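Residue numbers (this note's numbering): 121 to 237.
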């Protein structure tokens, strides 16, 4: 299973970015998908999760600003990030624990998001 994340960049506070993660080597529609982030000197934290049935959960710090979604036809999960804050600066990773019949711990390569204040 391979995950390829993209869409990071430099943005001013209050701006928006959309991250994408394309998954190959798995039946994408059966995979729960997550976005994590890791800021310098901090532990990696879970940002958002979407299940195969599109049940969604967010970290409190991003509720109302970030939106996770998935397109099963494109094997892609997205993270729309609005009203970005300086503290959102981090490397963002997409992740899946695999499917119910093929469990694992699969990570994308990370994409840098830098928010200037």
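No residue lacks a Cβ here, since even glycine has one placed at the ideal position from N, Cα and C.
Keep in mind it's a predicted model, so treat the numbers as computed, not measured.
Across the set 126, 131, 135 and 147, the C-alpha of 147 shows the shortest separation from the C-alpha of residue 193. Inter-residue distance for residue 130 and residue 237 is about 11 Å (C-alpha atoms, whole angstroms). Contact check for residue 211 against residue 186 fails: the beta carbons are separated by 8 Å or more. Within its own chain, the residues whose Cβ lies closer than 7 Å to the Cβ of residue 142, once the five positions on either side in sequence are excluded, are 124, 195 and 196, listed in chain order. With 16 or more other CB atoms across the displayed protein chains lying within 10 angstroms of its CB, residue 182 is buried. If you compare the alpha carbons of 200, 155, 180 and 156 with that of residue 135, the shortest gap goes to 200. The alpha-carbon separation between residue 170 and residue 160 amounts to approximately 26 Å.
Within the same chain, Cβ atoms closer than 7 Å to the Cβ of residue 234 are found at 130 and 209, the five residues on either side in sequence being excluded. Note that the C-beta distance between residue 213 and residue 140 is not below 8 Å.
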